[in-house]
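Report on the following structure.
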Amino acid sequence: MLRFIIYPLLGGLIGILSNLLMLIFLFYPKKKILGFQGLIEKKRESTAKELSAVLAEYFIDTQSLSKLITKEKVYALLKNILLDSGKKFPLFINSILSGILERAVSNIFFENGVIKQDLLQKVVTSEEAKDFVYQKIMDFDMDNLKGIAIKSMGKDIVLLIIWGGIFGCLVGAAEAFLPL
């Protein structure tokens with residue numbers, strides 16, 4: 102009769118401990134422990150390559166970037182650089198320069214208020230975007246990355262550990278009933 106209590110409890114404890122151990126091996130070891138190395142650190146380079154390729158293809162493409170680079174932003178920036186550079190121009194010259202600058206920006210760089218795609222592709226290629234993201238990932242502090250992952254998945258991690266205990270209890274209960 103005691104086995105109907107001990108087996109499920111022992112199975113639950115093993116389930117919880119195995120999931121905790123998996124999380125430790127996933128996030129924490131900086132050195133190999135029992136032949137295991139933290140999976141995040143071990144797979145960092147391949148993950149960075151794959152992630153940078155996906156981000157460059159789907160998120161940092163020229164259409165996405167063109168939404169960030171608007172005619173108004175470029176015009177305001179160039180106007181500030183030209184007109185507010187410390188040189189004082191008479192008011193009518195400021196007005197003329199401002200009009201020329203706005204037309205030049207509109208006609209040369211933009212089409213319907215959006216930066217020309219061919220121009221943007223010359224400024225930032227998809228390969229450069231991919232290399233940029235890859236380098237940012239590789240330069241990112243691993244402890245900080247682990248902290249972000251744990252913080253964002255905290256409730257899910259606890260749930261994973263609890264489910265490990267529940268399934269362990271079920272396996273223990275099945276073990277208790279097997280000899281019958």
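In the numbering used here, the protein residues as written are 102 to 281. Built from N, CA and C at the ideal position, the CB exists for glycine as well.
(message) Rounding to the nearest angstrom, what Cα-Cα distance links glycine 116 and leucine 279 in this structure?
(response) Distance between the alpha carbons of glycine 116 and leucine 279: 19 Å.
(message) Can you tell me whether threonine 163 is helix, strand or coil according to DSSP?
(response) Of the three classes helix, strand and coil, the one that applies to threonine 163 here is helix, per DSSP.
(request) In angstroms with no decimal places, state the Cα-to-Cα distance between threonine 226 and leucine 220. (result) Roughly 10 Å separates the two Cα atoms.
(request) Determine the direct distance from the alpha carbon of lysine 237 to that of leucine 198, and round the result to whole angstroms. (result) Distance between leucine 198 and lysine 237, taken at the CA atoms: about 39 Å.
(request) Check whether the Cβ atoms of phenylalanine 128 and lysine 247 sit closer than 8 Å, and answer yes or no. (result) Cβ distance < 8 Å, so phenylalanine 128 and lysine 247 count as in contact.
(message) Which residue marks the beginning of the alpha helix (DSSP H) containing phenylalanine 126, and which one marks its end?
(response) Counting along the chain, the alpha helix (DSSP H) containing phenylalanine 126 begins and ends at 104–128.
(request) Within the region 199–281, note down every full alpha helix (DSSP H) run reaching 4 residues or more, in order along the chain. (result) DSSP runs (the alpha helix (DSSP H)) wholly in the region 199–281: 218–224, 227–240, 243–278.
(request) State buried or exposed for tyrosine 108, treating a residue as buried only when at least 16 other CB atoms are found within 10 Å of its CB. (result) When all chains shown are included, tyrosine 108 counts as buried.
(request) Determine the contact status of glycine 265 and glycine 112, defining contact as a CB-CB distance below 8 Å. (result) No; because the gap between Cβ atoms is not below 8 Å, this pair is not in contact.
(message) Suppose contacts are defined by Cβ-Cβ distances below 8 Å. Is valine 215 in contact with serine 167 by that definition?
(response) Judged by beta-carbon spacing, serine 167 lies within the 8 Å limit of valine 215, meaning their Cβ atoms are closer than that value.
(message) Rounded to whole angstroms, what is the Cα-Cα separation between glutamate 47 and asparagine 181?
(response) For residue 47 there is no data in the structure shown, the boundaries of the chain being 102 and 281.
(message) Distance check for leucine 114 and methionine 103, CA to CA, integer angstroms please.
(response) Strictly speaking, residue 103 in this sequence is leucine, with methionine absent from that position. Spanning the two alpha carbons is a distance of roughly 16 Å.
(request) Starting from the Cα of glutamate 142, find the closest Cα among Ile125, Gly273, Val155 and give me that residue. (result) Of the candidates Ile125, Gly273, Val155, the one whose C-alpha sits nearest the C-alpha of glutamate 142 is Ile125.
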